[in-house]
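Just below is one structure, and these are the notes that go with it.
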Amino acid sequence: MVGVILHILYRYFQGHMFIFPVLYFLFHLPFSIGRSFHQHVVAYEFYLDPNIGSSLINFYVKFDFSDVAPQVFDYMPHRNVVPWTTIMGCYSQMGSVDE
Numbered sequence: 620m621v622g623v624i625l626h627i628l629y630r631y632f633q634g635h636m637f638i639f640p641v642l643y644f645l646f647h648l649p650f651s652i653g654r655s656f657h658q659h660v661v662a663y664e665f666y667l668d669p670n671i672g673s674s675l676i677n678f679y680v681k682f683d684f685s686d687v688a689p690q691v692f693d694y695m696p697h698r699n700v701v702p703w704t705t706i707m708g709c710y711s712q713m714g715s716v717d718e
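All you need for my numbering is the position in the sequence shown, starting with 1, plus 619.
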């Protein structure tokens with residue numbers, strides 16, 4: 620289902636990637652669907668958008684995958700204040716303030 624939705628949005632809303640973080644939080648995705656979302660984000664290269672990368676970081680922290688969240692952050696080519704704030708908040712939430 621996520622793949623179909625992402626395909627439709629990509630086809631008709633190209634250049635408007637801001638919609639994906641909103642879509643992501645509206646669905647309150649379970650882990651299995653969230654992983655599928657991540658795969659489609661990579662396939663369509665939406666990870667280039669810092670807001671989408673930040674949504675993925677939050678997703679992995681939500682499910683206690685604290686080892687994957689920093690990997691998503693490190694993979695992001697463009698990091699503005701949004702992903703930096705997200706990763707710092709996630710480290711704080713995980714109790715890793717020294718990171």
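Where is the CB? At the ideal position from N, CA and C, for every residue including glycine.
Span separating the alpha-carbon of residue i from that of residue j
| i | j | result |
| --- | --- | --- |
| I676 | V623 | 23 Å |
| T705 | S674 | 9 Å |
| G653 | D683 | 13 Å |
| V661 | C709 | 21 Å |
| D693 | N699 | 13 Å |
Cβ-Cβ distance between residue i and residue j below 8 Å
| i | j | result |
| --- | --- | --- |
| M713 | V691 | no |
| I671 | F678 | no |
| L667 | P696 | yes |
| P649 | P702 | no |
Range covered by the alpha helix (DSSP H) that runs through residue i
| i | result |
| --- | --- |
| P669 | P669 to K681 |
| G708 | V700 to M713 |
| F656 | F650 to A662 |
Reduced DSSP secondary structure (H/G/I, E/B, other) of residue i
| i | result |
| --- | --- |
| F684 | coil |
| V623 | helix |
| P696 | coil |
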